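Shown next, in structure tokens, is the structure this report addresses.
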Amino acid sequence: MKIRKNVIIKGIVQGVGFRPFIHKLVKNYNLSGWVLNSNQGVEMDIEGKTEELNNFINDIKKKLPPLARIEKIDLSQLPLVGYKGFSIKKSIVKEEDSFVLVSPDISICEDCLQELFDPRNRRFRYPFINCTNCGPR
Numbered sequence: 001m002k003i004r005k006n007v008i009i010k011g012i013v014q015g016v017g018f019r020p021f022i023h024k025l026v027k028n029y030n031l032s033g034w035v036l037n038s039n040q041g042v043e044m045d046i047e048g049k050t051e052e053l054n055n056f057i058n059d060i061k062k063k064l065p066p067l068a069r070i071e072k073i074d075l076s077q078l079p080l081v082g083y084k085g086f087s088i089k090k091s092i093v094k095e096e097d098s099f100v101l102v103s104p105d106i107s108i109c110e111d112c113l114q115e116l117f118d119p120r121n122r123r124f125r126y127p128f129i130n131c132t133n134c135g136p137r
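Numbers 1 to 137, taken from the UniProt record's numbering, label the letters of the sequence shown in order.
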């Protein structure tokens with residue numbers, strides 16, 4: 001049976017590559033909809049078969065980006081709308097209820113260290129080098 005769910009993931013889920021992670025992960029499933037950053041965390045609106053959607057949610061919990069931390073996942077069922085494909089939407093910001101967790105500073109990762117000291121890399125000796133695996137942008 002096909003269903004539609006609104007999914008709100010709260011925790012350290014912004015500035016850590018979470019939306020691209022979701023976009024990449026959703027390709028393993030026959031799901032459609034969208035993902036965006038909101039004041040509450042990361043929000044998704046997804047349609048697909050119940051089992052696929054449940055497996056997708058479980059995979060999110062198991063395969064998180066290195067700096068991401070999930071505090072809570074809110075799920076609500078909605079009427080089907082017939083989404084085609086999956087997209088990353090522009091962030092929504094509402095000042096009145098804004099509270100987003102940001103990941104702490106982390107030491108530089110191996111990939112960034114290699115880029116930092118590789119004379120052929122465009123980031124060679126760039127003093128502010130980092131990525132979503134070792135710090136917020």
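Positions of the beta carbon are idealized from the N, C-alpha and C atoms, including for glycine. These numbers come from a predicted model, not from an experiment.
Whole-angstrom C-beta distance between residue j and residue i, which should lie under 8 Å
i   : j   : result
I70 : V13 : 7 Å
I3  : L53 : 6 Å
Residue i and residue j closer than 9 Å at C-beta
i    : j    : result
L67  : N133 : yes
G17  : K72  : no
Y83  : F56  : no
Y126 : L116 : yes
I92  : S38  : yes
V26  : E47  : no
I8   : Q40  : yes
N6   : E43  : yes
Residues bridged to residue i [DSSP beta-bridge criterion]
i    : result
L36  : E43
K10  : K72
G135 : Paired residue(s): none; G135 is not in a bridge.
R4   : E47 and L78
Worksheet entry | Within the stretch 62–130, ranges of the beta strand (DSSP E) (whole runs, at least 3 residues) | 69–78 and 86–88
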